[in-house]
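Numbering (this note's numbering), first residue to last: 131 to 377.
Backbone N, C-alpha and C define an ideal beta-carbon position, used for all residues, glycine too.
In structure tokens form, the structure reads like this:
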């Protein structure tokens, strides 16, 4: 405790050391010894009574004020708690734990009203399951309650950069109509790919890599091939991606 601070507060409030001692019912010499030096160890209860009588926060009496320090009422509660017998402390603990559980439940309820849970697949290939129950390669993922997404996928690879980074999570919706320029998850030759869709006038389908340095990963499906392209979901993006120039 800083004696110089106590002396300053007494001067500000026009209270003498002997008057404060009388109010606290302690010997005047006890307070005189306190104001003579800083960093003196003081009985906890006595310091609480001094702060309460002078109506000052406890941290003002400390050498180095700390953030988020308890206020005066909280310090007083700590002092009272220390005086309780062990069985009484257990009762207080039970009440506190019960109240904190109620607070946590209210916060969880408020959060659940703003969000909902969808499956997050660890790879695009895992999203090929018709239902998450068919595989364990997913985890719960919270999205805004207003989101149109049915599921999310963690992208592996850089073929869609800089629009979709390697390792990033994209939100997807099943059953959406895919238009030219849209990005989707497509099942091609036994593999799931995240690509940009385009179809030309002859019915040929192109799945482009947004990263043109990875044009080698583009997929072309000619109309005459007889192959059926399956889209497992449209990737929901904040902005459109320009289609590359077709040669």
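| Asked | Found |
| --- | --- |
| Quick check on the burial criterion: 16 or more other C-beta atoms within 10 angstroms. Buried or exposed for residue 363? | buried |
| Determine, using beta carbons only, whether residue 128 and residue 250 come nearer to each other than 8 Å. | Outside the displayed range of the chain (131 to 377) lies residue 128, so it cannot be described from this structure. |
| For residue 253, tell me which candidate among 143, 346, 352, 321 has the shortest Cα-Cα distance. | 321 |
| Can you find the residues in the same chain that come closer than 8 Å, C-beta to C-beta, to residue 150, ignoring five residues on each side of it along the sequence? | 140, 161, 180, 183, 184 |
| Identify, in the order they occur along the chain, each residue of the same chain with its Cβ nearer than 6 Å to the Cβ of residue 301, setting aside the five sequence neighbours on each side. | 279, 282, 366 |
| May I have the straight-line CA-CA distance separating residue 234 from residue 271, to the nearest angstrom? | 20 Å |
| Among 292, 353, 307, 311, which residue has its Cα nearest to the Cα of residue 344? | 292 |
| Which ranges would you report for the beta strand (DSSP E) in the region 304-367 if only whole runs of at least 3 residues count? | 313-318, 321-329, 335-338, 349-351, 360-366 |
| Evaluate residue 353 with the Cβ neighbour count: other Cβ atoms within 10 Å of its Cβ, from every protein chain shown; 16 or more gives buried, anything less gives exposed. | exposed |
| With H, G and I counted as helix, E and B as strand and the rest as coil, what does DSSP make of residue 246? | strand |
| Only counting the same chain, and skipping five residues up and downstream in sequence, which positions put a Cβ closer than 6 Å to that of residue 289? | 339, 341, 344, 347 |
| With H, G and I counted as helix, E and B as strand and the rest as coil, what does DSSP make of residue 234? | helix |
| To the nearest angstrom, report how far apart residue 374 and residue 317 are at their CA atoms. | 21 Å |
| Are residue 314 and residue 361 close, meaning C-beta to C-beta below 8 Å? | yes |
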